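Trainee: Pasting a structure below so you can have a look.
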């Protein structure tokens with residue numbers, strides 16, 4: 001197993017979880033600001049698409065309701081799948097706090113990975129009323145016909161998407177072992193992620209010349225694929241192929257993260273220790 | 274004849290800007306990555322518009338050329354504002370929290386000047402240049418006849434937009450005198466401002482009330498771009514200066530209240 005992820009929910013992890021949760025709740029106003037901010041980009045996209053629909057039933061294979069649902073679900077999915085772990089890993093490497101973490105009785109990157117999950121959990125609770133308002137606002141357009149198998153598959157692919165996302169974040173975060181200026185690199189990565197993960201527009205709406213290369217990247221398997229499964233946009237064959245793709249990326253990125261972590265750690269010397 | 278005090282502040286700004294530029298170009302790798310990031314941000318939104326225009330010929334009555342002028346205007350306004358003010362103004366909450374504001378208040382220079390434009394941001398200048406490039410490209414592809422009067426009106430409305438959004442940003446950052454941690458507010462301000470990347474007419478119902486009336490987002494892009502795209506009404510020339518004036522009065526009032534409430538970090 002990957003040695004920076006929890007093996008079992010034992011004492012140190014419970015204690016770390018409690019600490020992270022308490023830290024995440026310290027500045028509740030700031031949390032609320034982040035929640036409101038997070039809802040604006042999907043709202044921007046929804047407004048733009050609604051201006052296009054006018055009286056049309058479908059655009060690019062999406063009904064008006066499906067399009068609104070897509071953006072609301074993908075924004076909500078961010079709280080399960082997304083986050084900003086790379087930035088925190090890089091900070092721990094640069095300010096030397098990683099040295100302390102290496103001595104603790106839990107996996108070295110657990111504070112960053114678990115900390116982000118706690119932060120998202122608190123923000124998710126704060127975001128629920130806001131999403132309820134949006135659901136009520138768009139209630140006449142929302143489209144969701146769920147079945148138990150589809151929800152189960154969506155849950156599995158969401159967890160796999162979250163794991164792939166964390167691996168990508170770790171791979172990027174450990175770049176800080178080799179270079180100190182990572183801020184702009186991470187932001188460029190974020191833009192690529194927004195484009196290629198389906199956060200910007202549903203990937204199927206891209207022209208084929210762009211869709212082909214984007215499908216070869218792992219980003220689709222973070223957000224887009226689980227949401228496509230949830231919305232019932234894939235047939236059983238496409239779903240199975242997607243799950244297989246997720247499994248492949250999970251293993252491949254996990255191995256890459258492990259190699260980079262081990263190499264980075266060998267050349268690591270804490271600053272200010 | 275330029276008043277002496279203005280010449281003094283102009284000299285001071287040139288000195289501070291030069292010092293700030295030297296700092297920014299010291300880390301060349303990061304500097305060029307920063308430029309790439311700015312270009313990539315614009316490229317991303319252009320991809321978004323391109324996908325939209327694969328399936329429509331206009332959004333809220335604006336065709337692709339007009340929308341490029343609108344988005345270019347938005348980047349121009351944001352670029353100018355952030356070139357002069359981003360790095361300094363967004364440091365206000367930290368200065369207040371750590372009590373470093375004391376050192377600024379002690380200086381024999383207007384404190385608001387130092388808290389607004391003590392540093393410049395080269396990346397933002399690139400943003401402004403890209404914005405201007407998009408506006409010129411939109412005008413050329415839109416085949417709109419542009420008069421000298423329209424260009425002058427456009428420049429005046431861009432200036433009104435910069436002043437309005439400078440004041441709004443300054444007021445948001447001034448809240449840090451009362452609320453301990455408002456770092457996220459800066460990003461919220463950016464996201465709200467990003468909503469100006471669509472024509473005001475695209476917003477309907479409650480969203481129109483919020484983004485057109487409660488927040489004058491139209492001033493940032495729809496109004497100046499309207500002059501170059503034939504979407505302007507005479508009211509534009511009245512509304513934008515009023516927003517600039519009212520926001521200036523409001524931010525001055527809030528700044529005075531904030532200074533009166535300031536007790537330093539140990540207070």
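Chains as they are written, first to last, in our numbering: chain E, 1 to 273; chain S, 274 to 540. Note that the Cβ used here is the ideal one computed from N, Cα and C, for glycine as well. Note that the coordinates shown come from a computational prediction; the quantities given were computed from them, not determined experimentally.
Among the candidates E:85, E:184 and E:164, whose CA atom is the shortest distance from the CA of residue 243 (chain E)?
Mentor: Position 243 of the first chain holds residue 243 (chain E). The residue with the shortest Cα to Cα distance from residue 243 (chain E) is E:164.
Trainee: Within the 9 angstroms Cβ cut-off, does residue 389 (chain S) reach chain E?
Mentor: Against the second chain, residue 389 (chain S) aligns to sequence position 116. Judged by the 9 angstroms Cβ criterion, residue 389 (chain S) is not in contact with chain E.
Trainee: So residue 69 (chain E) packs on residue 143 (chain E), CB below 8 angstroms; how close in whole Å?
Mentor: Residue numbering aside, residue 69 (chain E) sits at position 69 when the first chain is read from its first letter. Residue numbering aside, residue 143 (chain E) sits at position 143 when the first chain is read from its first letter. Confirmed, about 5 angstroms.
Trainee: Less than 9 angstroms between CB atoms is the rule here; does residue 37 (chain E) satisfy it with respect to chain S?
Mentor: On the first chain, residue 37 (chain E) is found 37 positions in, with the first residue counted as 1. Closer than 9 angstroms: yes.
Trainee: In chain E, which residues lie with their C-beta within 8 angstroms of the C-beta of residue 452 (chain S)?
Mentor: The count along the second chain starts at 1 and reaches residue 452 (chain S) at position 179. By Cβ distance, chain E contributes 29.
Trainee: Applying a beta-carbon distance threshold of less than 8 angstroms, which residues of chain S neighbour residue 41 (chain E)?
Mentor: Counted from its first residue, the first chain places residue 41 (chain E) at position 41. Under the 8 angstroms cutoff, chain S gives 464 and 467.
Trainee: What's the C-alpha gap between residue 370 (chain S) and residue 449 (chain S)?
Mentor: In the second chain, counting from the first residue as 1, residue 370 (chain S) sits at position 97. In the second chain, counting from the first residue as 1, residue 449 (chain S) sits at position 176. The alpha-carbon atoms of residue 370 (chain S) and residue 449 (chain S) are separated by roughly 8 angstroms.
Trainee: Strictly below 8 angstroms CB to CB, what residues from chain E border residue 332 (chain S)?
Mentor: Taking the second chain and counting its residues from 1, the one referred to as residue 332 (chain S) is at position 59. Near residue 332 (chain S) (Cβ distances below 8 angstroms), the residues of chain E are 48, 51 and 52.
Trainee: Candidates E:207, E:205 and E:250: which alpha carbon is nearest residue 219 (chain E)'s?
Mentor: By one-based count along the first chain, residue 219 (chain E) stands at place 219. Checking every option, the nearest Cα to that of residue 219 (chain E) belongs to E:250.
Trainee: Provide the residue span of the alpha helix (DSSP H) that contains residue 254 (chain E), from first to last.
Mentor: Here residue 254 (chain E) is taken as the residue at index 254 of the first chain, counted from 1. Per DSSP, residue 254 (chain E) belongs to the alpha helix (DSSP H) from 236–266.
Trainee: Who are the neighbours of residue 34 (chain E) on chain S, taking C-beta pairs under 7 angstroms?
Mentor: For the purposes of this step, residue 34 (chain E) is taken as the residue at position 34 of the first chain. By Cβ distance, chain S contributes 457.
Trainee: Using a Cβ cut-off of 8 angstroms, which residues of the segment 335–362 of chain S contact any Cβ in chain E, in chain order?
Mentor: Hits within the stretch: zero.
Trainee: Confirm, please, whether the CB-CB distance from residue 403 (chain S) to residue 470 (chain S) is below 9 angstroms.
Mentor: As a first step, residue 470 (chain S) must be located in the second chain, where it is residue number 197. As a first step, residue 403 (chain S) must be located in the second chain, where it is residue number 130. In this structure, residue 403 (chain S) does not lie closer than 9 angstroms to residue 470 (chain S) by Cβ.
Trainee: With 9 angstroms set as the bound, which would you pick, yes or no: does the beta-carbon of residue 314 (chain S) sit closer than that to a beta-carbon of chain E?
Mentor: Position 41 of the second chain, counted from the first residue, corresponds to residue 314 (chain S). Interface residue, yes.
Trainee: Name, going along the chain, the residues of the segment 175–203 of chain E whose beta-carbon falls closer than 7 angstroms to a beta-carbon of chain S.
Mentor: The residues in question are 181, 184, 185, 187, 188, 191, 194, 195, 200 and 201.
Trainee: Would you say residue 328 (chain S) reaches chain E, if we count a Cβ-Cβ gap shorter than 9 angstroms as a contact?
Mentor: What you label residue 328 (chain S) is simply residue 55 of the second chain in a count that begins at 1. Cβ-Cβ to chain E under 9 angstroms: yes for residue 328 (chain S).
Trainee: Please report whether the beta-carbon of residue 229 (chain E) lies at a distance below 9 angstroms from any beta-carbon of chain S.
Mentor: Residue 229 (chain E) sits at position 229 when you count from the first residue of the first chain. With 9 angstroms as the cut-off, residue 229 (chain E) does not count as an interface residue toward chain S.
Trainee: Under the three-state reduction of DSSP, which class applies to residue 59 (chain E): helix, strand or coil?
Mentor: Residue numbering aside, residue 59 (chain E) sits at position 59 when the first chain is read from its first letter. Three-state result, residue 59 (chain E): strand.
Trainee: Kindly say whether residue 303 (chain S), judged by its beta-carbon, lies nearer than 9 angstroms to any beta-carbon of chain E.
Mentor: Indexing the second chain from 1 puts residue 303 (chain S) at position 30. For residue 303 (chain S), the answer is yes, since a Cβ of chain E falls inside 9 angstroms of its Cβ.
Trainee: Could you tell me which chain S residues have their CB closer than 8 angstroms to the CB of residue 44 (chain E), listed as they occur along the chain?
Mentor: Numbered from 1 along the first chain, position 44 holds the residue referred to as residue 44 (chain E). Neighbours of residue 44 (chain E) on chain S, chain order: 467, 468, 470 and 471.
Trainee: Name the DSSP bridge partner or partners of residue 332 (chain S)?
Mentor: Here the question's residue 332 (chain S) lines up with position 59 in the second chain. DSSP lists S:335 as partners of residue 332 (chain S).
Trainee: Within 10 angstroms of its Cβ, does residue 185 (chain E) collect 16 or more other Cβ (buried), or is it exposed?
Mentor: For the purposes of this step, residue 185 (chain E) is taken as the residue at position 185 of the first chain. With 16 or more Cβ atoms within 10 Å of its Cβ, residue 185 (chain E) is classed as buried.
Trainee: Please go through the same chain and pick out, in chain order, the residues whose beta-carbon is closer than 7 angstroms to the beta-carbon of residue 267 (chain E), but skip the five residues on each side of it.
Mentor: In the first chain, counting from the first residue as 1, residue 267 (chain E) sits at position 267. For residue 267 (chain E), where only same-chain residues beyond five positions count, the Cβ hits under 7 angstroms are 177.
Trainee: For a contact meaning CB atoms closer than 7 angstroms, what does residue 307 (chain S) contact in chain E?
Mentor: Your numbering for residue 307 (chain S) matches position 34 in the second chain. Those are 184, listed as they occur along chain E.
Trainee: Which of the residues in the segment 205–220 of chain E, read from start to end, lie with their CB under 9 angstroms from any CB of chain S?
Mentor: Of all residues in the segment 205–220 of chain E, 205, 206, 207 and 210 have a Cβ within less than 9 angstroms of some Cβ in chain S.
Trainee: Closer than 9 angstroms, CB to CB, is residue 137 (chain E) near chain S or not?
Mentor: Here residue 137 (chain E) is taken as the residue at index 137 of the first chain, counted from 1. So, interface residue.
Trainee: Report yes or no: do three or more beta-carbon pairs, one from the segment 199–219 of chain E and one from the segment 111–131 of chain E, lie closer than 8 angstroms?
Mentor: Contact fails: fewer than three Cβ-Cβ distances are below 8 angstroms.
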